[in-house]
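A quick write-up on the structure given underneath.
There are 2 protein chains.
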Amino acid sequence: MSAEAALAYARAHRAQAVDDLAALVRYPSVSAQPARSRDVAACATHLAARLRRAGFEHVRILPTRRHPVVWCAWHRARGLPRLLVYAHYDVQPADPESAWQTPPFRPSIRSDGLYGRGASDDKGQLVAHLAALEAYLRGAGRLPVNVTCLFEGEEEIGSPSLRELLLRERARFAADVAVVSDTAILGPNRPALTYALRGALGLELDVLGPAAELHSGIFGGAAPNPLEALASIVCSLHDAHGRVAVEGFYDAVRKVSAEERAQLARSGPSDDTLRAAARTPVLVGEPGYSAYERTTIRPSLSVNGISGGYAGPGSKAIVPARAHAKLGCRLVSDQRPEEIERALRRHIARVAPPGVTVTLRRGMTARPVTVDRSHPAMRAAAVAYERGFGTPPALLRSGGTVPVVGLLRELLGIPVVPMGFGLPDDGIHGPNERMHLPTLARAVDTCIWFLSELARDRTRPRLAGAVA
Amino acid sequence: MSAEAALAYARAHRAQAVDDLAALVRYPSVSAQPARSRDVAACATHLAARLRRAGFEHVRILPTRRHPVVWCAWHRARGLPRLLVYAHYDVQPADPESAWQTPPFRPSIRSDGLYGRGASDDKGQLVAHLAALEAYLRGAGRLPVNVTCLFEGEEEIGSPSLRELLLRERARFAADVAVVSDTAILGPNRPALTYALRGALGLELDVLGPAAELHSGIFGGAAPNPLEALASIVCSLHDAHGRVAVEGFYDAVRKVSAEERAQLARSGPSDDTLRAAARTPVLVGEPGYSAYERTTIRPSLSVNGISGGYAGPGSKAIVPARAHAKLGCRLVSDQRPEEIERALRRHIARVAPPGVTVTLRRGMTARPVTVDRSHPAMRAAAVAYERGFGTPPALLRSGGTVPVVGLLRELLGIPVVPMGFGLPDDGIHGPNERMHLPTLARAVDTCIWFLSELARDRTRPRLAGAVA
Chain A
0 MSAEAALAYA RAHRAQAVDD LAALVRYPSV SAQPARSRDV AACATHLAAR LRRAGFEHVR
60 ILPTRRHPVV WCAWHRARGL PRLLVYAHYD VQPADPESAW QTPPFRPSIR SDGLYGRGAS
120 DDKGQLVAHL AALEAYLRGA GRLPVNVTCL FEGEEEIGSP SLRELLLRER ARFAADVAVV
180 SDTAILGPNR PALTYALRGA LGLELDVLGP AAELHSGIFG GAAPNPLEAL ASIVCSLHDA
240 HGRVAVEGFY DAVRKVSAEE RAQLARSGPS DDTLRAAART PVLVGEPGYS AYERTTIRPS
300 LSVNGISGGY AGPGSKAIVP ARAHAKLGCR LVSDQRPEEI ERALRRHIAR VAPPGVTVTL
360 RRGMTARPVT VDRSHPAMRA AAVAYERGFG TPPALLRSGG TVPVVGLLRE LLGIPVVPMG
420 FGLPDDGIHG PNERMHLPTL ARAVDTCIWF LSELARDRTR PRLAGAVA
Chain Y
0 MSAEAALAYA RAHRAQAVDD LAALVRYPSV SAQPARSRDV AACATHLAAR LRRAGFEHVR
60 ILPTRRHPVV WCAWHRARGL PRLLVYAHYD VQPADPESAW QTPPFRPSIR SDGLYGRGAS
120 DDKGQLVAHL AALEAYLRGA GRLPVNVTCL FEGEEEIGSP SLRELLLRER ARFAADVAVV
180 SDTAILGPNR PALTYALRGA LGLELDVLGP AAELHSGIFG GAAPNPLEAL ASIVCSLHDA
240 HGRVAVEGFY DAVRKVSAEE RAQLARSGPS DDTLRAAART PVLVGEPGYS AYERTTIRPS
300 LSVNGISGGY AGPGSKAIVP ARAHAKLGCR LVSDQRPEEI ERALRRHIAR VAPPGVTVTL
360 RRGMTARPVT VDRSHPAMRA AAVAYERGFG TPPALLRSGG TVPVVGLLRE LLGIPVVPMG
420 FGLPDDGIHG PNERMHLPTL ARAVDTCIWF LSELARDRTR PRLAGAVA
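Order-wise, the sequence lines are chains A and Y. The numbering of the first sequence is numbering that gives the first Met the number 0, which starts it at 0 and goes up by one. The numbering of the second sequence is numbering that gives the first Met the number 0, which starts it at 0 and goes up by one.
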């Protein structure tokens with residue numbers, strides 16, 4: 000069987016995958032820093048050349064307003080499913096570099112990790128697919144299904160160009176199912192398959208009071224205080240029990256079955272585990288749900304930041320002129336960011352005290368995603384994890400958001416399997432990020448098994464239709 | 000009469016007063032900046048020498064932990080009142096110097112103003128007393144009352160050494176009445192005598208939540224959020240009508256008579272005037288009082304600043320680990336800062352939500368001061384203003400705080416007359432600060448008349464006893 004040939008090739012070329020990862024890490028492809036734009040472009044060029052060497056004949060560097068998408072396709076498996084593989088080659092900034100044991104863009108292998116910025120997020124996960132695809136192309140002479148790769152260069156800055164590109168070049172990305180590898184599993188021997196991700200809605204709140212900062216001696220007690228107004232708005236967002244008190248906020252929340260809740264209780268973290276991880280004496284939140292449920296099957300509204308007035312040392316006797324807050328909602332199916340934004344606008348207009356002007360700006364939005372666990376692509380992923388890691392994956396909901404999952408789901412109308420290979424202690428976004436090399440090897444094998452399992456499902460219409 | 004001789008001397012030496020002010024402005028005596036310590040000391044040395052030249056035989060530079068007090072005394076008016084004259088020779092920082100039309104420490108005369116840092120706050124007001132005292136000593140050969148001068152070098156950093164110095168050298172500062180010149184009048188032709196100042200209590204509030212910032216995807220909806228906790232504490236400080244909702248806050252507030260309220264309504268600013276000055280569409284605050292009353296005869300509690308969580312551009316999906324607020328109370332007689340602090344501590348302990356730790360740190364404190372308007376020294380000041388400016392002063396309460404007034408009142412047990420000469424548009428603490436030179440001339444004459452009027456009251460025990 001061709002899977003065996005691919006696995007044999009991959010095993011014989013473990014060192015090649017590590018070299019490929021090291022080569023990618025050497026590019027400081029920091030998408031957020033304009034000074035690194037050339038490095039991002041050089042990384043894309045390198046990646047495109049590497050995909051050609053892997054056996055892809057159709058490779059393109061697709062320009063966007065900022066950083067290009069690297070695209071490649073192999074479509075010779077007539078009648079078989081079409082898979083879209085997503086990963087990103089851009090990375091977070093590495094500052095402060097002084098916190099790194101070895102320089103962030105000089106890959107360094109220590110014990111069983113390859114250290115460097117982007118090693119785990121997301122160049123290592125990209126390399127897992129690259130190695131799996133090359134193993135099939137070189138070891139078996141073909142892929143078991145049709146594959147299109149979308150390797151993005153703007154994920155760490157919120158994918159500003161991806162929507163436009165997908166709309167413009169819809170045909171280029173047509174597929175029956177997508178796999179997104181940009182998430183984590185539970186541990187080296189604890190694979191996990193995430194079937195739901197929360198959506199997100201970021202809002203920035205500006206509260207304007209007096210035209211300029213006032214002396215609190217002359218005006219304290221009579222002038223409207225935008226910080227106090229902001230505090231009263233923030234207070235109104237939750238009731239005394241921790242439930243969001245914005246009218247309509249929960250209207251579209253899909254009820255989760257007792258069976259699924261029981262399964263989540265078995266496979267998800269306990270309240271004690273989450274409490275210890277949060278390093279807090281108590282957990283809080285909506286009554287009637289476990290902490291894991293509050294962060295997965297229930298939406299939340301958090302204040303991420305407040306600023307206003309004097310923030311230096313000591314005191315300054317003022318009535319501030321303005322106050323600012325950043326709010327972040329996490330949404331669950333079938334909440335839509337635009338509806339929640341409207342509900343929040345209505346709520347804030349209703350509760351804003353007199354004397355201040357409140358404006359709301361929308362930040363990041365992402366739709367929640369739930370993938371039907373019984374979908375053939377999800378079953379294929381579960382089998383692949385089990386073969387790759389020797390143990391079946393936990394089926395989890397994540398409280399986090401991977402915007403591209405929702406975006407692919409929305410624009411391409413296909414199910415998206417979040418099949419990640421990061422470890423919780425990889426240190427992504429921080430100093431000394433690493434990819435755990437034994438996990439990289441298992442990830443390559445898992446990707447091979449995933450391709451192989453997808454090919455077993457010859458019923459393309461069923462694959463495409465079973466969208467959650 | 001000796002007052003006439005002093006006035007004649009002062010009129011003949013108007014240019015000298017301007018030169019004296021210019022000479023003082025040349026010293027960058029910025030008490031807050033350690034790099035300017037030598038300049039502060041040099042300014043003190045200059046001032047001490049100048050006081051000797053004015054005719055004071057007893058002049059001392061009294062060291063403190065940071066910046067010295069310049070002290071001088073003339074005590075030859077046996078049986079007559081003893082007056083303590085207070086002003087300060089240190090200044091606010093002048094940054095950014097680029098905002099100044101002429102350099103802040105190079106005095107420049109434009110139209111009828113002398114521009115430079117400290118010209119009005121407080122070197123100009125200090126020079127008014129210096130010129131008046133010299134006019135008596137040189138023009139009349141003596142002072143009409145006993146005078147001790149206390150020229151401070153730490154006012155702009157909160158007078159950290161003054162309490163200790165006054166306690167240590169109580170005899171050196173013994174007096175029957177004090178005059179503090181560090182406030183403003185209403186306009187060039189609108190003198191004002193302030194008979195009440197609000198006290199102050201600054202508090203810094205730290206709210207600690209999770210041990211470190213958390214990912215809002217993983218923990219949003221379950222982990223305690225210190226910013227939300229802080230907002231709920233801030234909300235609890237006022238009721239829906241704007242009245243402070245802290246138990247006991249108003250207990251010690253002295254009721255003001257209907258007669259005084261009627262007088263304040265006549266002489267103080269209207270709601271419309273204050274609303275326009277605050278540049279806000281509406282005023283708010285405690286029901287049952289005018290805006291001027293809310294800021295003078297009623298205490299207030301303002302939030303001066305809040306910070307916590309992410310404050311950079313865009314959004315960051317976190318549950319913050321901590322939040323910080325600065326609160327500022329303005330107090331009225333007979334509220335005591337320490338009692339209000341206890342009431343606030345009790346209140347916050349009661350309302351703080353679970354999962355966070357709240358700590359309170361005390362900042363600046365100052366007692367409220369009310370001076371009996373019928374006190375002979377107050378009457379002397381009113382007469383002096385009327386003669387110096389040609390029109391009687393408005394009798395006002397100020398919503399602001401001049402801590403040294405309360406401090407002298409508390410430690411020396413004598414009435415303190417706040418007799419200021421700044422103008423509302425002098426630009427103190429900002430760029431292009433100036434002293435209005437016609438007002439400086441009137442201030443010198445007013446100081447002369449004040450000394451003269453004090454001398455008319457031969458009943459020292461009565462002067463000392465009529466403390467409000």
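Positions of the beta carbon are idealized from the N, C-alpha and C atoms, including for glycine.
In terms of residues, what are the limits of the beta strand (DSSP E) holding residue i?
i: S110(A); result: Unbroken run through S110(A): none, as it is neither H nor E.
Going by beta carbon distance, what residues of the same chain come within less than 6 angstroms of residue i, once the five residues before and after it are set aside?
i: A4(A); result: G138 and A139
i: R461(Y); result: Only weak support exists for where R461(Y) lies, its pLDDT of 48 falling under 50; the value from the coordinates is given anyway. Correct list: empty, nothing qualifies.
i: D120(A); result: I427
i: P133(A); result: Pro is not the amino acid found at residue 133(A); the sequence shown has Glu there. Closer than 6 angstroms at Cβ, skipping near neighbours: A53.
i: A22(Y); result: none
Which residues of chain Y have a Cβ atom closer than 7 angstroms to the Cβ of residue i, listed in chain order?
i: T294(A); result: I217, F218, G219, G220 and A221
i: G186(A); result: Those do not exist, as G186(A) stays about 16 angstroms from chain Y at its closest Cβ, beyond 7 angstroms.
i: G313(A); result: G362
i: V318(A); result: S301
Residues in its own chain within less than 8 angstroms of residue i by CB, not counting five upstream and five downstream?
i: A465(A); result: Here the model assigns A465(A) a pLDDT of 37, short of 50, so the residue's position is not dependable, and the following value carries that caveat. Excluding positions up to five away in sequence, the list reads D371, S373, H374, P375 and P414.
i: L82(Y); result: V144, N145, V146, T147, A174, D175, V176, A177, V178, L450 and L453
i: A542(A); result: Any property of residue 542(A) remains undetermined from this structure, which presents chain A solely from 0 to 467.
i: R455(Y); result: A379
Just to make sure I have the definition right: I need the residues of chain A whose C-beta is within less than 7 angstroms of the C-beta of residue i. Which are they?
i: L213(Y); result: A277
i: T400(Y); result: G216
i: L273(Y); result: A221
i: P353(Y); result: V281 and V283
The alpha helix (DSSP H) spanning residue i covers which residue range?
i: I447(Y); result: L436 to R455
i: D94(Y); result: Premise fails: D94(Y) is in no alpha helix (DSSP H) and is neither H nor E.
i: T272(A); result: D270 to A277
i: V90(Y); result: Here V90(Y) belongs to no alpha helix (DSSP H), and DSSP marks it neither H nor E.
i: Q15(A); result: R13 to V24
i: Q100(A); result: Premise fails: Q100(A) is in no alpha helix (DSSP H) and is neither H nor E.
i: A134(A); result: That residue, A134(A), is in no alpha helix (DSSP H); it is neither H nor E in DSSP.
i: E285(A); result: No alpha helix (DSSP H) contains E285(A), which DSSP labels as neither H nor E.
i: A257(Y); result: A257 to S266
i: A290(Y); result: A290 to R293
Just grab the DSSP bridge partners of residue i for me.
i: S301(Y); result: G327(Y)
i: G186(A); result: R189(A)
i: A317(Y); result: Checking the displayed sequence, the identity of residue 317(Y) turns out to be Ile instead of Ala. Its beta-bridge partners are H214(Y).
i: G307(A); result: A322(A) and I305(Y)
i: Y85(Y); result: L149(Y) and V179(Y)
i: V243(A); result: H237(A)
Can you list, in chain order, the residues of its chain whose CB lies under 7 angstroms from that of residue i, leaving out five sequence neighbours each side?
i: A7(Y); result: G138
i: A463(A); result: Unreliable placement is indicated for A463(A), whose pLDDT of 47 sits below 50; the coordinate value is still reported in the next sentence. Correct list, in chain order: D175 and I413.
i: P417(A); result: V179, T182, T193, L196, V401 and V404
i: R13(A); result: A440
i: I347(A); result: I232, V357 and L359
i: L236(A); result: V243, A244, V245 and L300
i: A351(Y); result: A228, I232 and V357
Against residue i, what residues of chain A qualify as contacts under a CB-to-CB distance less than 8 angstroms, listed in chain order?
i: E285(Y); result: G220
Along chain A, which residues have their Cβ under 9 angstroms away from the Cβ of residue i?
i: G429(Y); result: Chain A residues near G429(Y): none, gap ~11 angstroms exceeds 9 angstroms.
i: R329(Y); result: S215, G216, G219, G220 and A316
i: P209(Y); result: A277, R278 and T279
How would you list, in chain order, the residues of chain Y whose beta-carbon sits under 9 angstroms from the beta-carbon of residue i?
i: H237(A); result: E227 and S231
Taking Cβ positions only, does residue i come closer than 7 angstroms to chain C?
i: S373(Y); result: The structure shown contains no chain C; the protein chains it does contain are A and Y.
- Item | Every unbroken beta strand (DSSP E) inside the segment 389-432 of chain A [3 residues or more] | 393-397 and 415-417
- Task: Scan the segment 30-82 of chain A and note each continuous alpha helix (DSSP H) run of 4 residues or more that stays entirely inside, going in chain order.
- Result: 36-53
- Query: Quick one: complete beta strand (DSSP E) runs, 3+ long, within the segment 139-169 of chain A?
  - Reply: 145-151
- Message: Just to confirm the assignment: which complete alpha helix (DSSP H) runs, minimum length 4, are found wholly within the segment 169-238 of chain A?
- Response: 215-218 and 225-235
- Message: My parser needs the alpha helix (DSSP H) runs of 4 or more residues fully inside the segment 331-396 of chain A; what are they?
- Response: 336-350 and 375-388
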